[in-house]
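**Student:** Quick one: the structure is below, and I'll ask about it shortly.
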Amino acid sequence: KVVERDLRLALGTEQLELHYQPLVEVATGQVVGCEALIRWKHPTRGWVSPAEFIPIAERTDLIAPLGRWILHQACLQGRDWAREGLPPMKIAVNLSPAQFKHHQGLVAMVADILAQTGLPADQLQLEITEGIAMHNIDATLEVLRQLREMGALISIDDFGTGYSSLNYLKRFPVDKLKIDRSFVVDIGLHPDNAAVVQAIVNLGHSLGTRVNVEGVETREQLDFLIAHKVDEAQGFLFSKALPADQFAEFVHKHS
Ligand code: G
Ligand code: G
Ligand code: MN
Ligand code: NA
Numbered sequence: 582k583v584v585e586r587d588l589r590l591a592l593g594t595e596q597l598e599l600h601y602q603p604l605v606e607v608a609t610g611q612v613v614g615c616e617a618l619i620r621w622k623h624p625t626r627g628w629v630s631p632a633e634f635i636p637i638a639e640r641t642d643l644i645a646p647l648g649r650w651i652l653h654q655a656c657l658q659g660r661d662w663a664r665e666g667l668p669p670m671k672i673a674v675n676l677s678p679a680q681f682k683h684h685q686g687l688v689a690m691v692a693d694i695l696a697q698t699g700l701p702a703d704q705l706q707l708e709i710t711e712g713i714a715m716h717n718i719d720a721t722l723e724v725l726r727q728l729r730e731m732g733a734l735i736s737i738d739d740f741g742t743g744y745s746s747l748n749y750l751k752r753f754p755v756d757k758l759k760i761d762r763s764f765v766v767d768i769g770l771h772p773d774n775a776a777v778v779q780a781i782v783n784l785g786h787s788l789g790t791r792v793n794v795e796g797v798e799t800r801e802q803l804d805f806l807i808a809h810k811v812d813e814a815q816g817f818l819f820s821k822a823l824p825a826d827q828f829a830e831f832v833h834k835h836s
């Protein structure tokens with residue numbers, strides 16, 4: 582398998598880079614954070630999508646060093662932006678379900694990286710997906726509890742597409758729901774989607790969590806989110822994921 586070998590070689594080199602997509606507070610239009618998204622520039626094949634190589638890393642042992650590098654790099658960047666005078670930003674980092682297999686290892690790694698980089702824990706938002714707790718719910722709950730005790734925040738990514746028992750949502754210590762972008766495509770044309778978004782906003786707010794909508798591409802979608810009291814939005818309407826220096830410029834321009 583060419584790609585696995587290539588990915589192994591790419592670790593620790595400049596082929597791998599994090600880009601950062603702005604998270605925008607709907608009520609004010611302010612940039613309140615970013616989501617770190619990994620990019621790989623393969624020496625001969627050009628840009629390879631994480632949708633292609635993250636699953637490969639997950640099937641092999643590569644997700645451990647790759648996941649650690651991603652988290653470390655994102656926290657380091659957050660700290661550097663603060664030193665450069667950017668207002669405190671939430672840094673959202675995707676965690677793969679495979680990283681949850683070694684529960685205590687994950688908690689120790691996060692603690693370690695926060696200590697090493699000096700990023701305040703409450704600026705780190707860990708994104709998990711709904712499927713994460715399907716196997717060992719008690720162990721997962723314990724990890725999430727420990728991460729939050731450390732001060733980190735937990736978001737549920739792609740919310741609405743997976744296995745979301747309302748019972749476990751109630752038990753989960755969660756700070757943010759990120760509504761999957763499939764629910765806002767053509768929102769004006771699909772009353773069902775609008776109803777689902779409204780229901781998730783109500784659910785989230787009644788549980789005391791923030792609600793984010795992903796994949797916002799049009800002004801019409803944003804107007805809908807404003808009207809329905811969504812807290813935070815993210816999407817190409819504002820910006821795609823940007824290299825670190827361009828993200829900082831974006832923040833300066835929009836504050
Ligand atoms: O950024 P883009 O739309 O190309 O990402 C495609 C997929 O790869 C998305 O599902 C996204 O969550 C995932 N992805 C991107 N960056 C990371 C990362 O740093 N870690 C993990 N686990 N997944 C990522
Ligand atoms: O699975 P996750 O939500 O982490 O994936 C984020 C992915 O969504 C990234 O690959 C990012 O490039 C993509 N994305 C971000 N904003 C938009 C958007 O407005 N439209 C579309 N189609 N994709 C987006
Ligand atoms: Mn995400
Ligand atoms: Na998502």
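Number 764 in full-length UniProt numbering belongs to position 183 of the sequence shown; there are no gaps in the numbering.
For every residue, glycine included, the Cβ atom is placed at its ideal position computed from N, Cα and C.
What you are looking at is a predicted structure, and each value in this text was computed from that prediction instead of being measured.
(1) To which residues does DSSP link GLN602 through a beta bridge?
(2) Name, in chain order, the residues that DSSP records as bridge partners for VAL792.
(3) How far does the alpha helix (DSSP H) with LEU734 in it reach, from first residue to last?
(4) Applying the 10 Å Cβ sphere with the 16-neighbour rule, what's the burial state of ALA696?
(5) Between which two residues does the beta strand (DSSP E) carrying GLN680 extend?
(6) Is the CB-CB distance between LEU784 and VAL797 below 7 Å?
(7) Does the beta-carbon distance from GLU598 to ARG620 come in below 7 Å?
(8) Under a three-way DSSP split, which group does LEU705 fall into?
(9) If we count Cβ pairs, one from each stretch, closer than 8 Å, do we get three or more for the stretch 621-640 versus the stretch 651-662?
(10) Within the present structure, is the beta-carbon of ILE619 separated from the nearest heavy atom of ligand 1 by less than 6 Å?
(11) Can you pull the DSSP bridge partners for GLU813?
(12) Whose C-beta lies closer than 8 Å to the C-beta of PHE831 among residues of the same chain, with five residues either side of it excluded?
(13) Taking any heavy atom of ligand 6 as the mark, which residues have a C-beta closer than 5 Å to it, listed down the chain?
(14) With distance defined between alpha-carbon atoms, name the residue in ARG800, PRO668, PHE740, TRP650 nearest to ARG762.
(15) If you draw a straight line from the alpha carbon of PHE828 to that of LEU725, how long is it in whole angstroms?
**Tutor:** Well, looking at it:
(1) Paired residue(s): GLU616.
(2) Bridge partners of VAL792: LEU758.
(3) Segment 734-740 is the beta strand (DSSP E) holding LEU734; no alpha helix (DSSP H) there.
(4) It is exposed - the Cβ of ALA696 has fewer than 16 other Cβ atoms within 10 Å.
(5) Note, GLN680: premise wrong, no beta strand (DSSP E); not H, not E.
(6) Contact: no.
(7) Yes, the Cβ-Cβ distance between GLU598 and ARG620 is below 7 Å.
(8) Note: LEU705 maps to strand in three-state DSSP.
(9) By the Cβ rule, the stretch 621-640 does not count as touching the stretch 651-662, because fewer than three pairs are nearer than 8 Å.
(10) Checking every heavy atom of ligand 1 against the Cβ of ILE619, one is found closer than 6 Å.
(11) Within the DSSP secondary-structure output, GLU813 pairs in a beta bridge with GLU606, ASN793.
(12) The beta carbon of PHE831 sits closer than 8 Å to those of PRO603, VAL612, SER820, LEU823, all from its chain and outside the five residues before and after it, given in chain order.
(13) As presented, the structure is devoid of ligand 6, carrying ligand 1, ligand 2, ligand 3 and ligand 4 as its sole ligands.
(14) Comparing Cα positions, the closest option is PHE740.
(15) Each residue's CA atom was taken as its position, placing PHE828 and LEU725 some 29 Å apart.
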